[in-house]
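Chemist:
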Amino acid sequence: MAARHRILVMRHPETVANTRRFLSGREDVELTERGERERLEAIEAVCAWGPDRVWSSPLSRCTTIAEAAAERLHVPFEVHENLVELEFGSVQNVPYDEVAELGYPFPWHLDERGRSIAAPGAEDFEHLRARAKALLAELLPLEGRTACVTHGGLTRGLLGAVFDTPLETFWNVSISNVSSQVLTCDGTTFRLAALGLAPREVVARAKDPSLMGNDTTQTISGVIEHEDRN
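Structure representation (structure tokens):
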């Protein structure tokens, strides 16, 4: 079946937590000077991509992009709680190195049963995966284009849920600030169409869909499917 829904999943711009390497989690943090420049580039990218709706994490580092793009495009803007970053509980606002010293290195380690060991009050990876699956269930019946502005943690959870990646390895994906991943959906199955697009790449592919290329594996069965572009 041909894709009927395309989902752009974009991470927020650079924050002071990213540069100072501490776990900000669900706390609002300021953007860096670079992050402010990235924010403007991200808004342009979302607008160029032309979504029918824009969803956002409730945190300001995401809404500052999503709300501005939706307003410019005159499309619905919605805050979705399942797009929020991990809750870090007792280690929120603690530097990565100190988190490890407290006995809860991040990404969370797994116990002998394969379950993640989160810090007290923090969200474990199992709950993150469940939130990602709930978000996918909301996206599944939709058509057209949806832009989701979110966080690195939730993006990894979303990709992990799509591909059923083991908890041991689902975090091993580099998600740069304001990078975008593109998923397609035919109403039954999600596929990854693009990974790690910079804002300028999103704009370029929106102007020239041929840059997305063809998925030649679709011809293996002898049936040629025209995959939707970015």
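If you count by our numbering, then the sequence shown holds residues 60 to 289, one letter each, in order.
In this text, a Cβ means the ideal position worked out from N, Cα and C, and glycines have one as well.
None of these values were measured; they are calculated from a predicted model.
Going by Cα to Cα distance, which pick from Cys-121, Trp-167, Arg-112 is closest to Leu-142?
Modeler: Cys-121
Chemist: Quick one: residues in its chain with C-beta nearer than 6 Å to the C-beta of Met-69, no 5 flanking neighbours on either side, listed in chain order?
Modeler: So the list reads Val-208, Ser-239, once near-sequence residues are dropped.
Chemist: Assuming Leu-199 and Gly-162 are in contact, meaning their beta carbons sit under 8 Å apart, how far apart are those beta carbons, in whole angstroms?
Modeler: Between Gly-162 and Leu-199 the Cβ distance is about 39 Å, and since that is not below 8 Å, they are no contact.
Chemist: As an exercise, report each continuous alpha helix (DSSP H) stretch of at least 4 residues that is fully enclosed by the stretch 202-256, in chain order.
Modeler: Whole alpha helix (DSSP H) segments, 4+ residues: 211-222.
Chemist: Does the beta carbon of Pro-110 sit closer than 9 Å to a beta carbon anywhere in chain D?
Modeler: The chain labelled as chain D is not found in the depicted structure, where only one protein chain is given.
Chemist: Using only alpha-carbon positions, find the residue among Phe-147, Glu-157, Arg-112 that is nearest to Val-138.
Modeler: Arg-112
Chemist: Can you tell me which of Asn-236, Phe-249, Cys-244, Arg-250 puts its alpha carbon nearest to the alpha carbon of Leu-256?
Modeler: Comparing Cα-Cα distances from Leu-256 to each of Asn-236, Phe-249, Cys-244, Arg-250, the minimum goes to Asn-236.
Chemist: Would you decide whether Arg-172 is buried or exposed? Buried here means 16 or more other CB atoms lie within 10 Å of its CB.
Modeler: Arg-172 is exposed by the Cβ-count criterion.
Chemist: Please work out which residues of its chain come closer than 6 Å, Cβ to Cβ, to Gly-211, disregarding the five sequence neighbours upstream and downstream, and give them in chain order.
Modeler: Arg-70, Ile-234
Chemist: Of the residues Arg-190, Cys-244, Glu-103, Thr-224, which one's Cα is nearest the Cα of Glu-202?
Modeler: Cys-244
Chemist: What is the rounded straight-line gap between the Cα of Ala-62 and the Cα of Thr-228?
Modeler: 28 Å
Chemist: Identify whether Arg-288 lies in helix, strand or coil by the three-state DSSP scheme.
Modeler: Note that Arg-288 has pLDDT 49, beneath the 50 cutoff, so the model's placement of it is unreliable and the number below is only indicative. Coil, per DSSP.
Chemist: If you drop the 5 nearest sequence neighbours on each side, which residues of the same chain put their C-beta closer than 7 Å to that of Arg-215?
Modeler: Phe-229, Trp-230, Val-232, Ile-234
Chemist: Do you know how far the Cα of Ala-206 is from the Cα of Ala-263?
Modeler: Straight-line Cα distance between these residues: approximately 17 Å.
Chemist: At what residues does the beta strand (DSSP E) containing Phe-136 begin and finish?
Modeler: 136-138
Chemist: Using beta-carbon positions only, say whether Glu-182 and Arg-174 come within less than 9 Å of one another.
Modeler: no
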